[in-house]
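Notes to accompany the following structure.
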Amino acid sequence: MRKKVFGRHLSRGRKAREALFRSLIRALVLNGKIVTTKAKAKAIVPLAESLVVSAKEGSIASRRRVLAALANDREVTDILFSRVAPAFTKRTGGFTKIILLPPRRGDAAEIVTLEWVEKIVIAEPKKEEKTKKEEKKTTKTKKTASKSKTK
């Protein structure tokens, strides 16, 4: 019986499949593009597009809907509402594109890049530069008693 399955099974149970979709969408929002198999990319495109449509709506109800779909991931939801949705104000659909890559060497799986159609700049946290190189502290260890005891 096909209960709670619309779309692709991807050889997983329901909870594993939903977790996979959530993590792929999270990676897409945080990084702007992901490299994955063709089947996984085609499976998450409708989910990603529906989240962008909800984010474009901008209401509290739509924010809660997106939060529920992403398992209360506030970081991704904030990026989706503040950076991704404003980039697609003139578009009504077709927010993602799939670019074919050469097949994977190990199993010849079809690999693709899934990315946003528009360029979305996500501000990355600045890394603090170290002015001085930290010297490694060396500690002297006491030599233990002789290893071999004579009897």
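For the sequence shown, my numbering begins at 11 and goes up steadily by one. Quick reminder that beta carbons are idealized off the backbone N, C-alpha and C, glycines included. Model, not experiment: these values are computed from the prediction.
Where Leu-20 falls: helix, strand or coil (DSSP): Here residue 20 corresponds to residue number 10 of the sequence shown, with the count starting at 1. Here DSSP, grouped into helix, strand and coil, assigns Leu-20 to coil.
Environment of Lys-107 [buried if 16+ CB atoms lie within 10 Å]: Within the sequence shown, the letter at position 97 stands for residue 107. Counting every other CB atom within 10 Å of its CB across the protein chains shown gives Lys-107 a total below 16, marking it as exposed.
Cα-Cα separation, Ser-60 to Ile-109: Here residue 60 is taken as the residue at index 50 of the sequence shown, counted from 1. Here residue 109 is taken as the residue at index 99 of the sequence shown, counted from 1. Ser-60 and Ile-109: Cα-Cα distance of roughly 20 Å.
Residue range of the unbroken beta strand (DSSP E) whose run includes Thr-102: Looking up residue 102 in the sequence shown gives position 92. Looking at the DSSP string, Thr-102 is not in any beta strand (DSSP E), and its letter there is neither H nor E.
Nearest candidate by alpha-carbon position, reference Thr-87, set Arg-32, Lys-25 and Arg-22: As a first step, residue 87 must be located in the sequence shown, where it is residue number 77. Taking each of Arg-32, Lys-25 and Arg-22 in turn and checking the Cα distance to Thr-87, the smallest one comes out for Arg-32.
Cβ-based neighbour list, Ala-81, same chain, cut-off 8 Å, excluding 5 preceding and 5 following: Here residue 81 refers to the residue found at position 71 when the sequence shown is read from its first residue. Arg-32, listed in sequence order.
Ile-54 versus Ser-64 - alpha carbon distance: The residue given as residue 54 occupies position 44 in the sequence shown. The residue given as residue 64 occupies position 54 in the sequence shown. Taking the straight line from one Cα to the other gives about 15 Å.
C-beta contact flag for Lys-48 and Val-131 at 8 Å: The residue given as residue 48 occupies position 38 in the sequence shown. The residue given as residue 131 occupies position 121 in the sequence shown. No Cβ-Cβ contact shorter than 8 Å links Lys-48 with Val-131.
Environment of Val-127 [buried if 16+ CB atoms lie within 10 Å]: As a position in the sequence shown, residue 127 is number 117, starting the count at 1. With fewer than 16 other Cβ atoms from the protein chains shown falling within 10 Å of its own Cβ, Val-127 counts as exposed.
For Leu-124, the nearest candidate out of Ala-118, Leu-111 and Gly-116 (CA to CA): If you number the sequence shown from 1, residue 124 lands on position 114. Of the candidates Ala-118, Leu-111 and Gly-116, the one whose C-alpha sits nearest the C-alpha of Leu-124 is Leu-111.
Residue environment, Thr-102, which counts as buried when at least 16 other CB atoms sit within 10 Å: Stepping through the sequence shown from its first residue, residue 102 is reached at position 92. Burial call: exposed.
Given Ile-89 as reference, the closest of Lys-13, Lys-52 and Leu-38 once Cα atoms are compared: Translated into the one-based positions of the sequence shown, residue 89 becomes position 79. It is Leu-38 whose Cα lies nearest to the Cα of Ile-89.
Pair within 8 Å by beta-carbon distance, Lys-50 and Leu-40: Residue mapping note: residue 50 aligns to position 40 of the sequence shown, counting from 1. Residue mapping note: residue 40 aligns to position 30 of the sequence shown, counting from 1. Cβ atoms of Lys-50 and Leu-40: not closer than 8 Å.
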